[in-house]
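A quick write-up on the structure given underneath.
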Amino acid sequence: MTEELESVLSQLTQPDNAVIQRATAQLRQAFKDPAVIPALCAIMTGSADPQIRQSAAVMLRMRVNKHWKKIIPEHRESLKAVVLQAFQQETEHKVRHSLSQLAAMMVKHETPDRWPALLALLNQSTKSSNPHDRQVGLLLLSKVVESNPEPFAPHYRQLLQLFHSSLQDLGNPTALYYSIQSLTAITAHTGTEHLNLMRSIVPKLIVAIKQLIITDQVQASEAMEVFDEMMESEVSIVVPHIADIVRFCLEVGADVSLSDSLRVKALSVIAGLIRLKSKSVLKQKLLAPILQTVFPVLSAAPPAGQEDPEDEEPDSEDPGEGSETPKHYAAQVIDTLALHLPPEKLFSQLTPLTQAALQSDSPYDKKAGLMCLAVLAEGCADHMRTKLLSSVLQVVCRALGDESQVVRSAALFALGQFSEHLQPDISKYSSDLMPLLLGYLSGLDSRRGGHLSKAFYALENFVENLGEEVQPYLPTLMERMLSALSGAESLRVKELAVSAIAAIANAAKELLVPYFPPVIDSLKGFLTDMREEARALQTQALDTLAVLARTVGKEVFSPLAPECVQLGLNLTDSVDDPDLRRCTYSLFSAVSTVCPECLTPHLSTITTLMLMSLRSTEGVTAHLDEEHKSFLLLEEEEDEGDEEGEVVIEDESREGEGEERDVTGFSVENAYIDEKEDVCDALGEIAYNTGAAFLPFLESSFQQVFEMHDFPHEDVRKAAYEALGQFCSAQHKVWQESPTDANHQALLKLLGVTVPCVLQAVREEREREVVMGALECVNAVLRSCKGEALREQGRLADISHTIRDVLQKKIACQDSGEDGDDDEQQAEFDGMLQEYAGEGIPLLAAAVSADVFAPFLDELLPLLLSKTKPSCTVAERSFSLGTLAEMLQALGGVSGGGAVAARLAARLLPVLVGGARDSDAEVRSNSVFGVGVLAQACGAALTQDYPGILAVFSSLLARESDRRVIDNLCAALSRMMLSNTACVPLEQVFPAVLSFLPLKEDLEENSTVYSCLTFLYSQTPALVVEHLKAVLSGVSQVLGTKDIKPDIQNTLLLFLRDVTQRYPQEVQAAVLALPAERAATLTAAAAS
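Quick note on our numbering: the sequence shown kicks off at 1 and runs consecutively.
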């Protein structure tokens, strides 16, 4: 059989498909004979042709992979001996490589302790005095350890000692490479007992990789993965050597003679270190060298006659997205610094570099300065918004007039980033920026699609956040967009216009209604255009339709809702495209907000589609080892389920234990990740909005979304946690509407799975944004389910202690520093994470009785108070004082809350009064609100402090210019009048409040102010009648508007009727003093 089989294998190498097909059929037949194993062994060791020896090794590997248990024991033992014999005698590297992979596949089934000959060979060869033997031994070691690292755990100390030695073999770069590959494989599995050995190996790693760079940059880039593995599995390994690693990576990243991929890898390692150990980066004074090295990379001009990828035409869909170039990663390093360092420390070092670049004559220096400002906007938003906004906007506006399109493009990107992250302050510059953007857009050549995309990006981001301030620009904006929809030849221009309409709708809401018919007519045309080249436009039209459903109002959109649902179903049935499905699911979700009953008949179909998208592994591709591809045809015909070319992962429960392909890596298309993220978002919202109709699909949806909580991509994990919270809220709503025991038990079951899972994520997840999503899930569950979420014993303690640990920076995603965190400054995103945690404190206070929550509050209170100090940032002071205020408001609504608030008053009142005098308006506003709710919660217990509080408030009202602070002063005074009328000089305070009506900013407080007004009328009507002109003036400006809630609206109507009936002359005199329109409003209301 051996000779025949060797002949067949030789035919597989012929350049003739017919010959290969015949040989494949013969091989398939041969594999049915158990004697094929010894025959292949004989060929592997005895054939004179190295290509045939390699083919035999690959065939055996495939056989071992699929059918190890079917191979008879004597053949297995024989194979173990033969493969080692062949490996020792082989002279060809390619064959030796295949033999090492065969041995690695066998190690998946035969652990090292059951293959002592393998361990003996490894021990002998890796310690040989012959450099070639060491190289070969390390090749075999790297393959078997990579294939199954855990069974080698008893030998880790011995292996690490070996690597200490082999990494000094600088004259043998291949041995260096295989040593590092083996080290990378075991790193994630090492324990604390190996920590010192691992740490001491790092300096040798750096020297070894430097040597590899000289001989093979591809291998050097792969070898640098060891730093990623160390950082992700046990970052303390690298902490003592951070300075050395950073300096080494900076050298590589700055060296223009090296390959882009190697430089990118080095810069990504720096970004990883900053992300995980930002405090060590600061402590070891590495910020300056990082910036001084990275900035020149960012400002480097491309080779003569070329452009940076992001400046080429046609442009990528995301105007800020470049290819994986050193310049792109240099910007990422600065972005990572912004996200993880205190802004004050970063800007002190970065500002001189940025200013010099912006003042340079070189367009690429200017571009670098603008890109730097752009990527800082997310991580340092508060710092830029409060201290630098005017100056950076002046820089960007000047750059929009630059003669170089490269500079103008960067300015547009920066403006788009500012518009997204520096809200609400940047919108105050609309009168300057909107004419500039509209003028710039009108002067562009629509054929320059890439630059046009950047202009639309800036316009969209700015317009989207304008709210009603968009009204003066609406006619011009919509004229431009509708003209593009009907007149532009370019599909790309139409797509940009459709996207811009969504942004305009988000700002304008009902103001867009006059333009709704022509917009819908255009969208219908795009949605039914099934040409492949129009797919992006069709997808964007779906996205914009979903935005319109949420913004133009239920009355306007509801008639279209059934047609939209059917359109979405038809598209998912006829087009297989992840982006289109994603936008269809978002459309269904949006429709559920205006017409949930339209979805009810289709929920079975819709949920089936969505759950298929979650389960699908479409877009996740396994890339095969090159030599394995040569024999793919044979494997495909053995296992008909596999597809040609690249092998897409299917069901893990495939027949045959241990079936694994020779996978060198995986790739995942972003569109499929986005699809899964949007499915989670949509399922949660649809479940909540459709209520009881969704119950038949809730359990299956919950289970499938729950499985996504450990998905590799962080955006999907975050969306999964948020959806789990929505499922709990949906079940709670169903139980409230139908309070059966079955519904209650279903709710408790969901909570019992969701809350522990999400709290574990808060503690263990490494990505901050996922932790924020998990905390938001906890907050959403507490907000909707209240005490039901805390029924299980220990649940209140678990949530409270998790919040405490976030505030103390003790969870996995927080870098607390090796020596503790004695620096009060922190990155803004770290502060944001604590804000998400802090939101849970008032929610807990509102969910249980005050005496139950009091012990946990006593533990949390000092952590909040520590952030109220003047030395803290504005964001910290605003957060802590706002949280204290909301917590006091919550106490005022639960049993025993007044007593707890009174016990805390002596500690909290001085802090809140101090905050009311703060230099920042938001801090003042939150503090004044806190004083008011403290007075309301304490009642008579705070009486002795009223004169001091009133004196402070009087002084504030006399000089305050910020309308939100004034609104909160009015509300706080109203709460004091409601709580303890006798202690307030009504003759002075009541008219003072009336003089500031109507409220302008904090419209939520209208309920408080007008409740106080009607309360005073019931208690001291003469006081109200005395000031009736001011009272009716204030009432006339809110009645019939959305500024007050329906219950307050009804209360005011009752007040109007009563006061008109009892004091007709006074009312008539007051109404006559009003403008005609407002007088008519009051007269009609009183008569209704």
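Beta carbons are placed, not taken as given, at the ideal position from N, Cα and C, and that holds for glycine.
If I measure Cβ to Cβ from G553 and keep anything under 6 Å in the same chain, skipping five residues before and after, which residues do I get? So the qualifying residues of the chain are E510.
A507, enclosing alpha helix (DSSP H) - first and last residue: Going by DSSP, A507 is part of the alpha helix (DSSP H) stretching over L491 to A508.
Mapping DSSP to helix, strand and coil, what is C595? The DSSP-derived three-state label of C595 is coil.
Can you give the beta carbon distance from I520 to L512, rounded, assuming they're within the 8 Å contact cut? Contact doesn't hold; Cβ gap of about 11 Å is too wide.
Taking 9 Å as the cut-off, decide whether the C-beta atoms of Q944 and L978 are in contact. Against a cut-off of 9 Å, the Cβ pair of L978 and Q944 comes out as no contact.
Under 9 Å between C-beta atoms of E464 and S419: In contact: E464 and S419 (Cβ atoms closer than 9 Å).
Residue from T1020, M887, G892 and I37 whose Cα sits closest to the Cα of L865: Distance check between L865 and each of T1020, M887, G892 and I37 places M887 closest, using alpha-carbon atoms only.
From what residue to what residue does the alpha helix (DSSP H) around W735 run? Run containing W735: E714 to E737, per the alpha helix (DSSP H) assignment.
Please state if the CB of E479 and the CB of A507 are separated by a distance shorter than 9 Å. Cβ distance not < 9 Å, so A507 and E479 don't count as in contact.
Assign I72 to buried or exposed, taking buried as 16 or more other Cβ atoms, counted over all protein chains shown, within 10 Å of its Cβ. Sixteen is the threshold: since fewer than 16 other Cβ atoms of the shown chains lie within 10 Å of the Cβ of I72, the residue is exposed.
If we ignore side chains and look at the alpha-carbon of each, how far apart do F697 and G568 end up? Spanning the two alpha carbons is a distance of roughly 19 Å.
Could you check where the alpha helix (DSSP H) with F926 kicks off and where it finishes? Note that residue 926 corresponds to Asn in the displayed sequence, not to Phe. DSSP places N926 in the uninterrupted alpha helix (DSSP H) bounded by A921 to C938.
The region 600-615 contacting the region 555-574, beta-carbon criterion three pairs below 8 Å: Yes, since at least three Cβ pairs between the region 600-615 and the region 555-574 fall closer than 8 Å, the two stretches touch.
Cβ pair count under 8 Å reaching 3, the region 165-175 against the region 131-138: Counting Cβ pairs under 8 Å, three or more are found: they touch.
Host alpha helix (DSSP H) of Y672 (start-end): Looking at the DSSP string, the run of the alpha helix (DSSP H) that includes Y672 is N670 to T690.
For E643, name the three-state secondary structure that DSSP assigns. Legend: pLDDT at E643 = 37, less than 50; position of this residue unreliable, no value from coordinates given.
Can you tell which of N743, R763, A723 and T802 has its C-alpha closest to the C-alpha of V781? The residue with the shortest Cα to Cα distance from V781 is A723.
For the alpha helix (DSSP H) that K70 lies in, which residues bound it at each end? Counting along the chain, no alpha helix (DSSP H) covers K70, and no H or E run does either.
Specify the secondary structure class of V565 as computed by DSSP and reduced to three states. Three-state DSSP puts V565 in a helix.
What separation, rounded to the nearest whole angstrom, lies between the Cα atoms of I290 and I186? I290 and I186 have their alpha carbons spaced roughly 30 Å apart.
Would you mind sorting L195 into buried or exposed? The rule is 16 or more other CB atoms within 10 Å of its CB. L195 sits exposed, since fewer than 16 C-beta atoms from the chains shown fall within 10 Å of its C-beta.
A25 versus N17 - alpha carbon distance: Straight-line Cα distance between these residues: approximately 12 Å.
Take every Cβ of the region 824-832, pair it with every Cβ of the region 375-384, and state whether three or more of those distances are shorter than 8 Å. Segments in contact, yes.
Here's the rule: buried if 16 or more other CB atoms are within 10 angstroms of the residue's CB, otherwise exposed. What is H93? Flag for H93 reads exposed.
Is the beta carbon of V952 less than 9 Å from the beta carbon of E922? No, the Cβ-Cβ distance between V952 and E922 is not below 9 Å.
Starting from T184, trace the alpha helix (DSSP H) in both directions and tell me its first and last residue. DSSP places T184 inside the alpha helix (DSSP H), whose first and last residues are P173 to T187.
Along the chain, which unbroken stretches of the alpha helix (DSSP H) at least 4 residues long are found entirely within the region 514-557? Runs of the alpha helix (DSSP H) inside the region 514-557: 516-527, 535-551 and 554-557.
Any alpha helix (DSSP H) of 4 or more consecutive residues that is wholly inside the region 801-870: Entirely contained in the region 801-870, the alpha helix (DSSP H) runs reaching 4 residues are, in chain order, 828-838, 840-847 and 850-865.
Quick one: give me the first and last residue of the alpha helix (DSSP H) that A35 is part of. If you look at A35, you'll find it isn't in any alpha helix (DSSP H); DSSP assigns it neither H nor E.
Reduced DSSP secondary structure (H/G/I, E/B, other) of Q417: DSSP places Q417 in helix when its eight states are reduced to three.
Whole-angstrom distance between V218 and A56, CA atom to CA atom: Their backbone Cα atoms lie some 29 Å apart in a straight line.
Determine the burial state of L1054: buried for a count of at least 16 other Cβ atoms within 10 Å of its Cβ, exposed for fewer. By the 16-neighbour rule on beta-carbons within 10 angstroms, L1054 is exposed.
Report, in whole angstroms, the separation of the C-beta atoms of S334 and C372, which I expect to be a contact under 8 Å. Strictly speaking, residue 334 in this sequence is Ile, with Ser absent from that position. Yes, they are in contact, since the Cβ atoms of I334 and C372 sit about 6 Å apart, within 8 Å.
Tell me which residue opens and which closes the alpha helix (DSSP H) that C249 is part of. Segment I242 to A254, the alpha helix (DSSP H) holding C249.
Examine chain B for any beta-carbon lying closer than 9 Å to the beta-carbon of C583, and answer yes or no. You won't find chain B in this structure, because it holds only one protein chain.
Secondary structure at G1040, three-state DSSP: helix, strand or coil? If DSSP states are grouped into helix, strand and coil, G1040 belongs with coil.
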